[in-house]
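Take the sequence shown: its position 14, counted from the start at 1, is 13 in numbering that gives the first Met the number 0, and no numbers get skipped.
What follows is a short report on a single structure.
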Amino acid sequence: MSASRSQFDQRYDTIYQRGGDAAETARSVGLTAPGPAAGATPAAPVAEQSQPAFRAPAAELGGDSMAQSTGIAEVIPPDAAPQVRPEGAPAARRKINPYLVALWVLGLGLTAFGAWGSVAPYLVEMDPQGMQGFMPNGFPWFIMISTLAPNVVFAGLVIIAGALTLHAVGWIRRHG
């Protein structure tokens with residue numbers, strides 16, 4: 000590793016810094032530092048830092064009791080424009096994933112087509128005159144649709160289940 004120890008920020012464990020190693024720190028795993036070696040002179044005590052590195056005025060903290068007690072506040076650049084929504088402006092819309100919409104349309108379409116295909120031979124009146132001969136007019140599509148209808152319904156239901164799963168994963172990611 001080319002990073003030198005002088006580039007490390009001593010306020011933080013080395014595990015959280017570039018070039019740091021988990022084996023280099025005992026504080027990261029909750030262990031105490033080893034005692035002084037035999038015959039070693041004790042080092043001068045290090046003064047605890049009583050003030051946090053960043054101290055925000057109470058007015059900036061906005062009355063947030065948690066921020067006041069910890070001294071942690073959001074840092075906003077001075078030239079940043081305030082994010083104010085004008086009166087009557089529409090609220091921010093949620094982005095809709097077009098692939099999920101396509102999955103819903105495909106799943107519902109396949110399920111509806113398969114359900115129709117399973118009952119189509121009974122709903123459509125076949126012409127008895129067209130049933131004459133080796134390849135009767137219109138007959139093969141009845142055979143194909145009625146044969147494939149259960150599989151098409153199943154495929155539609157699987158796609159709908161997949162879309163529901165993707166919705167659940169997205170919800171878990173957003174609301175964690």
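Every residue, glycine too, gets a C-beta built ideally from N, C-alpha and C.
All of these numbers come straight from a predicted model, not from anything done at the bench.
Could you tell me the alpha carbon to alpha carbon distance between residue i and residue j, rounded to whole angstroms?
{"i": "I158", "j": "A167", "result": "14 Å"}
{"i": "W170", "j": "T164", "result": "10 Å"}
{"i": "A101", "j": "V152", "result": "17 Å"}
{"i": "L156", "j": "N150", "result": "10 Å"}
{"i": "N96", "j": "G106", "result": "16 Å"}
{"i": "F7", "j": "A88", "result": "48 Å"}
{"i": "V74", "j": "L99", "result": "37 Å"}
{"i": "G113", "j": "Q82", "result": "51 Å"}
{"i": "R172", "j": "R92", "result": "18 Å"}
{"i": "P85", "j": "K94", "result": "21 Å"}
{"i": "A90", "j": "P76", "result": "25 Å"}
Taking its Cβ as the centre, do 16 or more other Cβ atoms sit within 10 Å of residue i, making it buried, or is it exposed?
{"i": "A79", "result": "exposed"}
{"i": "I144", "result": "buried"}
{"i": "T146", "result": "exposed"}
State the CB to CB distance for the pair residue i and residue j, rounded to an integer number of angstroms; the pair is presumed to be in contact (CB under 8 Å).
{"i": "F141", "j": "A119", "result": "7 Å"}
{"i": "A148", "j": "G175", "result": "Not quite, the Cβ-Cβ distance comes to about 41 Å (not below 8 Å), so this is no contact."}
{"i": "L181", "j": "A154", "result": "In the structure displayed, the chain extends from 0 to 175; residue 181 sits before or after that span and is not available."}
Leaving out five residues on either side along the sequence, give the residues of the same chain with a beta carbon under 7 Å from the beta carbon of residue i.
{"i": "G161", "result": "L102"}
Excluding the 5 residues flanking residue i on each side, which residues of the same chain have their C-beta closer than 6 Å to its C-beta?
{"i": "V104", "result": "none"}
{"i": "Q16", "result": "F7"}
What residues in its chain sit with their C-beta under 8 Å from that of residue i, if we drop five residues either side in the sequence?
{"i": "P139", "result": "none"}
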